[in-house]
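What follows is a short report on a single structure.
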Amino acid sequence: MLMGFLLHVLILVGLPICSGYFSPDTTDYDAYGLKVAGNNLISVESQPDNTAFFILFPPYNNVSTGQQCSLDYENGNDYVYSVGVGFQASDSNFYAIGQVVTGKGQDADLSGANATFIAYYNATNDLQCGQIARTIISEIPFLPDDFLVMVVHPTGKFALGLAPNFVFRFNPSGSPTLITKTSIWSNSSFTPRAADIDTNFTIVAGIRVNSASPRALASVVVYLIDNTLSHIYSTWTYVPKNNSWQSLLKFSGYDSWSVKYTMSVDINNYNPTRVLVGVPCVNTVFHFIVGGGGTTLNLTDQRSSGNSVGFGKGVAWIASDQAAILANIYTSTFSSWLSSQIWIYTQLPSTSLASTPTAIIPNSQQPIPSTISSELINLVSTPNGLIVLDVSGGVLFILSTPPSHYASTDPNLALGSIAIPSISTTQRCLAGMMKSDTGIHPCSLCPMGWRSSVGSINCTVCNASTFCPPGAVAEVSQTELQTISQAYPYYENPDTTLFDDVLLNNVFHIGSTRHCVAVSPIFWTLIVLIPLLTLIGILFMCQQCSRRSHDSARMKTIKKSGLNAPIL
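Numbering of the sequence shown is given in this note's numbering, commencing with residue 1 and proceeding in unit increments.
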């Protein structure tokens with residue numbers, strides 16, 4: 001039986017009502033919160049430009065148009081910050097949180113007061129999109145300004161709302177339905193940017209005013225709180241290394257929403273002690289371990305992509321030892337996007353991240369489909385894979401595949417699947433490649449000395465006497481190989497087209513034919529030089545002979561003169 005009723009809860013006497021003008025850009029799918037969520041039972045995307053939810057039911061690997069539908073917002077003036085589902089929920093339900101925007105410079109509830117709302121949607125029939133009803137909505141007498149984060153308990157039983165000036169717990173089946181608190185943060189200047197929830201605790205990442213430093217206006221802070229919103233168990237503050245470029249950041253403009261100060265948080269649903277927090281403005285992803293039964297938060301590792309900004313725009317755990325990180329690159333002021341990659345890590349150590357990713361998407365096996373923009377803005381983990389959201393609201397499902405298979409995002413390999421959303425298909429590993437574990441990562445190339453056939457879990461070692469290059473599909477005997485020299489000598493001089501080269505070549509080259517000899521400039525030069533040189537030689541010899549005769553005559557004259565001289 002369909003239920004459609006509206007519950008107004010709590011307009012608390014004496015609590016301050018915030019006023020202001022909220023005018024969001026409805027074409028920006030990156031603004032104010034996460035616009036997509038999914039689990040094994042339902043996937044939902046908030047589309048603010050269409051004032052509707054796009055909903056998809058499983059099985060995701062064989063989607064037809066009957067499994068998807070569009071559900072309009074209850075009110076055309078609603079603006080949905082984010083949507084959420086329980087990772088392990090047993091029902092097809094989802095939550096939405098946002099504001100009522102009248103379009104007249106006011107955000108108002110039915111009584112004319114400012115209003116933030118949270119709504120609960122329940123699908124009574126998984127096979128019929130029309131059987132989805134917004135069964136409960138609660139209005140909250142506070143405005144979150146630019147910052148309002150929602151997380152949904154893994155079971156889907158309740159949701160938490162986190163804002164700078166208030167927090168609340170919303171339980172559709174509880175009594176009371178809504179519990180609101182006006183203070184929990186140890187610093188009143190704290191503005192939450194991202195969060196995630198586990199069975200016993202919640203991780204919240206954000207920014208607070210940095211009163212201790214005259215240079216940096218703010219600091220990145222991570223809180224570990226309980227799910228009743230009563231206690232802060234642990235607080236961690238980011239301290240950049242001395243002389244690093246991060247230490248020079250001033251955090252200007254942190255007090256209003258900007259893509260520059262977005263963050264991402266994901267608790268490992270397979271091992272809740274592990275937490276990833278991405279902070280793109282410092283280009284770093286932090287790995288935390290939650291200890292003490294969910295009461296202590298310890299930083300164990302951190303990874304960066306260099307001197308760019310944007311690394312950690314999205315983070316997601318795919319398995320207990322597998323993670324995905326959205327590695328975006330922006331200009332230094334975040335004014336322009338430059339590139340997007342998804343870094344996939346597999347077989348991670350128990351307390352840290354690997355120094356290099358196992359694979360990077362896009363790759364030859366997993367290109368970005370033409371229906372998806374190259375500018376990716378967030379990642380969401382689901383029990384059966386990864387949801388990728390692009391800047392235009394396009395959604396890409398990358399479904400986990402078993403060993404010996406990979407998740408292909410190439411539309412040319414899909415068999416009649418729908419284009420919206422784009423969904424990966426399961427393909428066997430190509431010959432010369434292998435994949436030994438379940439996940440969304442591509443198949444790996446067999447190294448040198450190993451080979452594999454189509455759809456292999458592992459590579460097979462080749463015989464030592466055979467030829468097995470990287471990616472080999474079979475062994476090749478060394479006796480079957482032919483040695484080929486890649487040096488090709490010229491038996492004749494190559495043709496030249498430059499006039500200077502042609503002239504020099506013809507001047508100093510004499511061919512073997514009579515005609516070449518007859519027309520060669522060198523031949524005629526030699527014909528002239530040989531007689532000339534002969535004549536010069538004869539003249540030189542004659543000159544030498546004449547000089548000797550003259551010298552001989554002179555000596556005889558001297559001798560005669562000496563004999564005839566008188567003796568004194």
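No residue lacks a Cβ here, since even glycine has one placed at the ideal position from N, Cα and C.
Because the structure is a prediction, the values reported are computed rather than measured.
query	result
Is DSSP giving M263 helix, strand or coil here?	coil
Please classify M434: does DSSP put it in a helix, a strand, or coil?	strand
Which residues bound the alpha helix (DSSP H) around C69?	Counting along the chain, C69 falls outside any alpha helix (DSSP H), though it belongs to the beta strand (DSSP E) covering Q68 to D72.
Just checking my contact of S477 with T466 at CB under 8 Å: how many whole Å lie between their CB atoms?	6 Å
Per the contact definition of three or more C-beta pairs closer than 8 Å, is the stretch 310–327 in contact with the stretch 417–431?	no
With DSSP run on the structure shown, which of helix, strand or coil describes I457?	coil
Do you know how far the Cα of S138 is from the Cα of L389?	28 Å
T346 to D321, Cα distance in whole Å?	6 Å
Using 8 Å as the threshold, is the C-beta distance between V83 and V151 below it?	no
When the Cα atoms are used, what is the spatial distance from D107 to A159?	Unreliable placement is indicated for D107, whose pLDDT of 44 sits below 50; the coordinate value is still reported in the next sentence. Those two C-alpha atoms are separated by around 23 Å.
Determine the direct distance from the alpha carbon of G306 to that of N77, and round the result to whole angstroms.	43 Å
Please work out which residues of its chain come closer than 8 Å, Cβ to Cβ, to W257, disregarding the five sequence neighbours upstream and downstream, and give them in chain order.	A31, Y32, D146 and F147
Under DSSP, the alpha helix (DSSP H) around A518 begins and ends at which residues?	R514 to V519
Helix or strand or just coil, what does DSSP make of N187?	coil
Touch check for the stretch 359–377 and the stretch 334–351: three-plus C-beta pairs under 8 Å?	yes
Taking DSSP as the reference, what is the three-state secondary structure of W337?	strand
Can you name the start and end residues of the beta strand (DSSP E) that G38 belongs to?	V36 to G38
To the nearest angstrom, how far is it from the Cα of K250 to the Cα of L217?	6 Å
Taking only runs of the beta strand (DSSP E) that begin and end inside the stretch 154–202, which ones reach a length of at least 3 residues, in chain order?	159–162, 167–170, 178–181 and 191–197
Can you give the beta carbon distance from V309 to P280, rounded, assuming they're within the 8 Å contact cut?	6 Å
Identify, in the order they occur along the chain, each residue of the same chain with its Cβ nearer than 6 Å to the Cβ of Y233, setting aside the five sequence neighbours on each side.	L224 and T295
Can you list, in chain order, the stretches of the beta strand (DSSP E) that have 3 or more residues and sit fully within the stretch 217–242?	218–226 and 232–237
Between the C-alpha atoms of D28 and S392, what's the straight-line distance to the nearest angstrom?	7 Å
Candidates Y238, R169 and V221: which alpha carbon is nearest I197's?	R169
What do you reckon, are the CB atoms on I344 and H441 nearer than 8 Å?	yes
Could you say which of N298, S70 and N61 lies nearest to N50 if we only look at CA atoms?	S70
Report, in whole angstroms, the separation of the C-beta atoms of A195 and V265, which I expect to be a contact under 8 Å.	6 Å
Apart from the five residues just before and just after L533, which ones in its own chain have a Cβ nearer than 6 Å to its Cβ?	none
Using 10 angstroms around the beta-carbon of F540, count the other beta-carbons present and answer buried if the total reaches 16, otherwise exposed.	exposed
Any idea what DSSP makes of V282, helix, strand or coil?	helix
Just the C-alpha distance for Y81 and P172, rounded to the nearest angstrom, thanks.	19 Å
Would you kindly work out how many angstroms separate the C-alpha atoms of R134 and W236, rounded to a whole number?	38 Å
Could you tell me which residues DSSP puts in a beta bridge with L396?	V388 and S422
Compare the Cα-Cα distances from F286 to each of V220, G98 and E74 and report the closest residue.	V220
Mind checking whether L162 and P192 have CB atoms under 8 Å apart?	yes
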